[in-house]
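Novice: Numbering (the numbering used here), first residue to last: 55 to 203. Handing you a structure now.
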Amino acid sequence: MPSLTRLVAAAALVATLSTGLAACSLADLGSPQRSFEFDSYGEAPKSGTRSFVLAGWVPSDATSIRAVALRDDPQEAVLAFRTAAPLAEAAGCAPADPLESAPPIAPDWWPSDLPTAGVVCGDWSAVTTDDGEVYAWRDAAPTRTAGAE
Numbered sequence: 055m056p057s058l059t060r061l062v063a064a065a066a067l068v069a070t071l072s073t074g075l076a077a078c079s080l081a082d083l084g085s086p087q088r089s090f091e092f093d094s095y096g097e098a099p100k101s102g103t104r105s106f107v108l109a110g111w112v113p114s115d116a117t118s119i120r121a122v123a124l125r126d127d128p129q130e131a132v133l134a135f136r137t138a139a140p141l142a143e144a145a146g147c148a149p150a151d152p153l154e155s156a157p158p159i160a161p162d163w164w165p166s167d168l169p170t171a172g173v174v175c176g177d178w179s180a181v182t183t184d185d186g187e188v189y190a191w192r193d194a195a196p197t198r199t200a201g202a203e
């Protein structure tokens, strides 16, 4: 039979862990942004009604995928990933110089200086840095669509 000391210690541990987990959940709910991370394209949802669905133009070799969207307006979002595939060749993308929109969100991992030329993929604008990282954003303001003049 367990001792009273062990039972009290176990109950205290459970209470502490429950409070910590509840605090994390409440903190996440209070944030104006939702964050998502996936190691590879295969892990990220590509369709459905989930909170985050990977944009159709993202190449299938994408890795280190990070995304942040506003809770109040999930259309305002940023996305970063690594790829060897040129974005200009991605389905639905067209070159744009300069890009006509700016990222609506700047997470702590977002660079302070991005190229001004990139591609427009539907309602997303994207740039590729010299080290092969792609940074993309979608904002509520209308942007030029792929193939539009």
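Even for Gly, the Cβ is constructed at its ideal location relative to N, Cα and C.
Examine the Cβ distances between the segment 165-177 and the segment 142-151 and report whether three or more of them are shorter than 8 Å.
Specialist: Segments in contact, yes.
Novice: If I follow the unbroken beta strand (DSSP E) through Ser189, where does it start and stop?
Specialist: One point to set straight first is that residue 189 is Tyr, not Ser, in the sequence displayed. Glu187 to Arg192 is the extent of the beta strand (DSSP E) around Tyr189.
Novice: Taking only the alpha-carbon atoms, compute the straight-line gap between Val107 and Ala123 and give it to the nearest angstrom.
Specialist: Val107 and Ala123: Cα-Cα distance of roughly 11 Å.
Novice: State the DSSP-derived secondary structure class of Ser91, mapped to helix, strand or coil.
Specialist: The sequence shown places Glu at residue 91, not Ser. Strand, per DSSP.
Novice: Where does Gly172 fall in DSSP's three states?
Specialist: Three-state result, Gly172: strand.
Novice: Mind reading off the beta-carbon distance from Arg136 to Glu187? Whole number of angstroms is fine, and I expect it under 8 Å.
Specialist: Going by Cβ atoms, the distance from Arg136 to Glu187 rounds to 6 Å, so yes, they are a contact pair.
Novice: Rounded to whole angstroms, what is the Cα-Cα separation between Pro86 and Asp184?
Specialist: If I take the Cα positions, the gap works out to 31 Å.
Novice: Would the beta-carbon of Pro158 fall within 9 Å of that of Leu168?
Specialist: Against a cut-off of 9 Å, the Cβ pair of Leu168 and Pro158 comes out as no contact.
Novice: In whole angstroms, give me the CA-to-CA distance for Leu75 and Ala160.
Specialist: Bear in mind that the predicted position of Leu75 carries a pLDDT of just 35, short of 50, making it unreliable; the figure below should be weighed with that in mind. Those two C-alpha atoms are separated by around 27 Å.
Novice: Using beta-carbon positions only, say whether Trp111 and Ala144 come within less than 9 Å of one another.
Specialist: Yes, these two residues count as a Cβ contact at 9 Å.
Novice: Who are the near neighbours of Ala190 in its chain, counting only those whose CB is closer than 6 Å to its CB and skipping five residues on each side?
Specialist: Closer than 6 Å at Cβ, skipping near neighbours: Leu133, Trp178 and Ala180.
Novice: So, using beta-carbon positions, are Trp163 and Arg120 closer together than 9 Å?
Specialist: Against a cut-off of 9 Å, the Cβ pair of Arg120 and Trp163 comes out as a contact.
Novice: Less than 9 Å separating the beta-carbons of Asp193 and Ser155?
Specialist: Yes, these two residues count as a Cβ contact at 9 Å.
Novice: How should Glu249 be labelled, buried or exposed, when 16 other C-beta atoms within 10 angstroms of its C-beta is the threshold for buried?
Specialist: In the structure displayed, the chain extends from 55 to 203; residue 249 sits before or after that span and is not available.
Novice: What's the C-alpha gap between Ser101 and Phe90?
Specialist: For Ser101 and Phe90, the distance between alpha carbons rounds to 15 Å.
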